[in-house]
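Residues 65 to 242 in the numbering used here are what the sequence shown spells out, letter by letter.
Ideal Cβ placement from N, Cα and C applies to all residues, glycine included.
All of these numbers come straight from a predicted model, not from anything done at the bench.
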Amino acid sequence: MQRRYNSYNRTPVRRNRINEEIQARELRVIDNEGNNLGILSIEEALRVKNEKGLDLIEISPTAKPPVAKIMEYGKYLYQQQKKDKEGRKGQKNEVKGIRFTVRTSENDLLMRAEQVDKFLKKRYKVRIQMIMKGREKALSDFANQKLEKFLSLIKEPYKTDQEPKRFPMGIFMMISRK
Numbered sequence: 065m066q067r068r069y070n071s072y073n074r075t076p077v078r079r080n081r082i083n084e085e086i087q088a089r090e091l092r093v094i095d096n097e098g099n100n101l102g103i104l105s106i107e108e109a110l111r112v113k114n115e116k117g118l119d120l121i122e123i124s125p126t127a128k129p130p131v132a133k134i135m136e137y138g139k140y141l142y143q144q145q146k147k148d149k150e151g152r153k154g155q156k157n158e159v160k161g162i163r164f165t166v167r168t169s170e171n172d173l174l175m176r177a178e179q180v181d182k183f184l185k186k187r188y189k190v191r192i193q194m195i196m197k198g199r200e201k202a203l204s205d206f207a208n209q210k211l212e213k214f215l216s217l218i219k220e221p222y223k224t225d226q227e228p229k230r231f232p233m234g235i236f237m238m239i240s241r242k
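Here's what the structure looks like:
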């Protein structure tokens, strides 16, 4: 049996019009050095790009008049990919986790707080889990005090994304950098 290919999974490729594909009659043209050549007719813009031996790329088709740039198309694609990658760089959604129990010693809490500081500096979200077993679950006041003590050990400024909440194994909360 042959597997079907789902076309809805593909992301549409947004391709800029180049050279003769451009349909506007007049364009605001920018040359490869970044100088504004002004508003030119499409024929004049194509003539200028032929003289320079480069491509005419429609940058902003919705502007009045549309903006086009004279440069190598491959170089333009490379710059766009680089810009997209830069934009995605700042969007870290990865969550790091720290777990400790009510019985965790002071020094171990300090080490875990330092680890949380490192995660926050790298702009990760941090899930803090306090694991409680058996009778410890009945001592919620003591557990909340321990959690507050742990949060006071964190030196990096943070904001609470999710307030401390009970779950079957104990208490958890989410924090991220301010």
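Here DSSP, grouped into helix, strand and coil, assigns Gln179 to helix. Within the segment 79-127, the complete beta strand (DSSP E) segments at least 3 residues long are 90-94, 100-105 and 119-124, listed from N- to C-terminus. Contact annotation: Pro221 and Arg241 have beta-carbon atoms nearer than 8 Å.
Within the same chain, Asn208, Leu211, Ile235, Phe236 and Met237 come within 8 Å of Pro228 by CB-CB distance, once the 5 residues on both sides are set aside. 8 Å or more divides the Cβ of Ile103 from the Cβ of Ala88. Among the bridge pairs identified by DSSP, Ile162 is matched with Ile192. Nearest to Met194 by alpha-carbon distance, out of Ala127, Ala109, Arg163 and Asp95, is Arg163.
Taking the Cα of Glu90 as reference, the smallest distance to any Cα among Leu173, Lys133 and Arg176 is reached at Lys133.
Put simply, the backbone Cα of Arg187 is about 18 Å away from that of Leu217. In the DSSP assignment, Met233 is bridged to no other residue. Leu120 sits close to Ile86, with the two beta carbons spaced by under 8 Å. For Pro232, there are no CB contacts under 6 Å within the same chain when 5 residues up- and downstream are skipped. Distance from the CA atom of Glu97 to the CA atom of Lys160, rounded to whole angstroms, is 45 Å. Rounded to the nearest whole angstrom, the CA to CA distance from Lys189 to Lys116 is 50 Å.
When only Cα atoms are considered, Asn157 and Val166 end up about 28 Å apart. Counting only residues of its own chain and dropping the five nearest sequence neighbours on each side, Asn80 has a CB closer than 6 Å to the CB of Ile121 and Glu122.
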